[in-house]
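The sequence shown begins at 180 in the working numbering and counts up one residue at a time. Each residue gets a CB set at the ideal place from its N, CA and C atoms; glycine is no exception. Just so we're clear, the structure is a prediction, and the values are computed from it rather than from any experiment.
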Amino acid sequence: MATNGKGEGADLRPDLKILVPATVVLLGIIACSILFTETSEKVLKAAYSVFTHNTGTLYLWVTVGMMFLCAFFMFSSYGNIKFGEEDEKPEFNNFSWIAMMFCSGVAGAVMFWSIVEPLFNLAYPPKFAEPLSRESFEWAMSYVLLHWGPVTWPWYMVTALPICYMFYKRKKPVLRISAAAEPVLGNKVNGGIGKGIEIFFIIGLMFSNAAVMGVSVPIVNHALAQTLGIEPSFTLEMIILAVSACIFTASVSMGLNKGIKMLSDANVVIALSMVFFCLVAGPTVFIVDNFTNSFGHMVGNFWDMIFWTDPYTEGSFPQDWTIFYALWMASYGPFMGLFIARISRGRTVRNVIGMGLAGGIAGSYMIHAVFGGYTMWAQLTGVVDAVATLKASGGPAALVAVLSTLPAGSVVLIGYCIFSTIFLATSVDSCAYVISCSATTKLVPGHEPTRGHRFYWAAVQAGLALAAITMGGLGPVKVFANFSGALMLIPIAFAVAAWFKMVKEDKALEMCCTPKK
């Protein structure tokens with residue numbers, strides 16, 4: 180496998196017309212965020228408020244549209260289309276495929292929000308419920324399941340399909356989001372418009388991943404400080420970033436098949452172990468009952484919950500949460516589409532969507548059911564006043580307070596630190612891999628971007644994460660995620676339109692649906 184220079188039909192040099200403009204914009208944002216922290220935070224928050232209140236509802240409709248598209252592609256003749264040759268077997272086994280997809284998409288974030296989001300919903304509940312009332316407990320986990328199920332995974336699956344088709348069926352030798360839009364844009368994808376789409380994509384993905392890292396690093400900071408008996412500090416956060424960078428370096432050196440795959444498999448095992456321990460050591464019956472009740476409550480109120488915009492009061496729950504998640508998942512859509520495309524050779528549309536939705540939602544629900552259920556039980560029974568900790572010290576401190584109440588709390592915190600640190604490494608590695616694919620001149624199947632190119636984007640990514648951490652709190656994190664989602668809707672729209680056009684032009688439906696004699 181060629182890894183640098185020019186391989187067979189490949190030109191693995193960075194495309195400077197993409198790399199340079201994206202770098203200039205990102206470095207400018209990093210510099211402003213670090214040098215003018217307070218001003219940058221105020222500007223970002225003001226822009227975020229205006230944006231979500233004026234355009235947020237659009238993303239609710241698009242999210243629902245993604246759900247219907249998933250159902251259509253899975254149960255129609257489109258589901259028979261295979262990415263690769265007809266007799267080709269999947270490159271990765273099902274466990275590794277789901278593990279890599281899950282760890283790249285939501286793993287570290289879901290561990291954080293499984294504890295913190297229910298607490299926010301109890302402290303600042305939706306549907307006009309009083310804080311910490313019975314009604315707030317009814318709605319708290321229901322909204323969590325809505326956000327981490329139907330709102331999240333359809334974005335990833337739909338965006339992956341046109342990229343998979345272009346790469347494996349049309350043999351387009353560029354693993355880029357703009358390449359999937361070629362049937363709509365024509366030769367313009369090879370010019371300024373195509374480069375512009377890639378630059379938007381890179382900046383948006385960097386923002387989105389910075390949001391995840393801006394949450395994950397402070398969590399590990401607080402957890403390590405609690406375990407070691409020291410105070411959380413900025414220095415400790417820098418050490419955490421450095422350790423993650425070392426793991427990332429080792430992962431890059433091993434390549435995709437060993438690096439990301441091995442780390443993702445290990446992280447899934449750690450996550451499952453923590454979930455099983457919390458389920459057994461915690462209030463098992465309450466956890467199961469709470470999930471069952473919340474799932475039924477979510478299903479029964481699904482349309483009301485997802486379309487609720489609260490237009491009659493000054494409340495902002497839909498904008499702060501449901502619309503935030505829709506934008507955040509939109510921001511990860513092209514990234515996950517490119518990554519899923521890279522690991523889905525030999526799979527059908529039905530397999531990608533079905534296994535992706537089932538594995539992603541099941542994994543998310545399992546983690547939320549156990550950790551979220553335990554959190555609500557601890558708050559309800561007075562084991563810990565995590566809501567008060569949330570209000571006084573923020574999400575990471577509240578998470579540590581909850582996990583510390585488990586038997587062998589220190590061991591659990593250490594396990595959580597290991598998980599989050601590995602997740603940071605896989606997140607950086609996956610992001611750097613996809614971005615370097617987008618900024619490589621010509622990438623063909625069987626080749627990967629150069630290691631130096633991946634290291635470069637990892638360094639820029641770390642700088643943006645540092646900017647998010649410097650500003651602190653969940654506010655800047657949400658702003659980063661929302662703006663990246665707004666940027667990503669453009670390439671997603673082009674890609675989906677191109678997908679329909681490609682299949683029609685190639686008459687793939689007729690070929691794949693012809694009865695075998």
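- When the Cα atoms are used, Val323 and Ser615 turn out to be separated by approximately 33 Å.
- Judged by DSSP in its simplified three-state form, Leu191 adopts strand.
- For the set Tyr344, Ala618, Trp482 and Val448, the Cα lying nearest the Cα of Gly525 is the one of Tyr344.
- Under DSSP, Thr527 shares a beta bridge with Lys261.
- Where Thr406 is concerned, the enclosing alpha helix (DSSP H) starts and stops at Gly371 to Leu407.
- Assignment of Thr584 by DSSP, reduced to helix, strand and coil, places it in the coil class.
- Bridge pairing for Lys268: absent [DSSP].
- Within the DSSP secondary-structure output, Lys621 pairs in a beta bridge with Asp190.
- With 16 or more other CB atoms across the displayed protein chains lying within 10 angstroms of its CB, Val394 is buried.
- For Gly494, there is no enclosing alpha helix (DSSP H), as DSSP marks it with neither H nor E.
- Remark: C-beta atoms of Thr605 and Cys282 approach each other more closely than 9 Å.
- Within the model, the alpha-carbon separation for Cys610 versus Ala637 is close to 8 Å.
- Sequence-distant partners of Thr649 (beyond 5 residues in either direction) whose C-beta falls short of 6 Å from its own C-beta, in its chain, are Ile213 and Thr216.
- At a Cβ-Cβ threshold of 9 Å, Asn259 and Val675 do not count as neighbours.
- If the five residues before and after Thr620 are omitted, its C-beta is found closer than 8 Å to the C-beta atoms of Asp190, Leu191, Arg192, Pro193 and Asp194, all from its own chain and listed in chain order.
- Of the residues Pro586, Lys350 and Glu317, the one whose Cα lies closest to the Cα of Arg521 is Lys350.
- Around Tyr511, the same chain offers Ser387 as residues with beta carbons nearer than 6 Å, after the five sequence neighbours per side are excluded.
- In terms of Cα proximity to Lys680, the closest of Leu237, His326, Pro362 and Phe291 is Pro362.
- When C-alpha distances from Pro462 are compared across Ala278, Thr560 and Ala226, the shortest belongs to Thr560.
- At a cut-off of 4 residues, the continuous stretches assigned as alpha helix (DSSP H) that sit fully inside the stretch 273-308 are 273-284 and 286-302.
- The three-state reading of DSSP puts Glu416 in helix, counting H, G and I together.
- Taking the Cα positions, Ala358 is about 14 Å away from Ile669.
- Pairing Ala389 with Arg633, the inter-Cα distance amounts to about 16 Å.
- Taking 9 Å as the cut-off, the beta carbon of Val295 is found no closer than this to the beta carbon of Phe456.
- In the three-state DSSP reduction, Ser357 falls in the coil class, being neither helix nor strand.
- If you draw a straight line from the Cα of Gly373 to the Cα of Met417, it comes to about 36 Å.
- Spanning the alpha carbons of Met534 and Ser523 requires a straight line of approximately 11 Å.
- Ranked by Cα distance from Asp685, the options Ala565, Leu301, Tyr257 and Gly328 are led by Tyr257.
- Separation of Ile398 and Gly594 (C-alpha to C-alpha, rounded to the nearest whole angstrom) is 13 Å.
- In the DSSP assignment, Leu311 falls outside any alpha helix (DSSP H) and carries neither an H nor an E.
- Contact check for Trp678 against Pro341 passes: the beta carbons are separated by less than 9 Å.
- Judged by pairs of C-beta atoms under 8 Å, the stretch 544-563 touches the stretch 312-327, as three or more such pairs exist.
- Between Leu239 and Ile540, the gap from beta carbon to beta carbon reaches 9 Å or more.
- Taking a C-beta distance under 9 Å as the contact criterion, Phe470 and His547 qualify as a contact pair.
- Restricted to the stretch 501-550, the alpha helix (DSSP H) segments that are unbroken, complete and at least 4 residues in length are 502-522 and 528-546, listed in chain order.
- Taking the C-beta atoms as reference points, Gln558 is found no nearer than 9 Å to Leu325.
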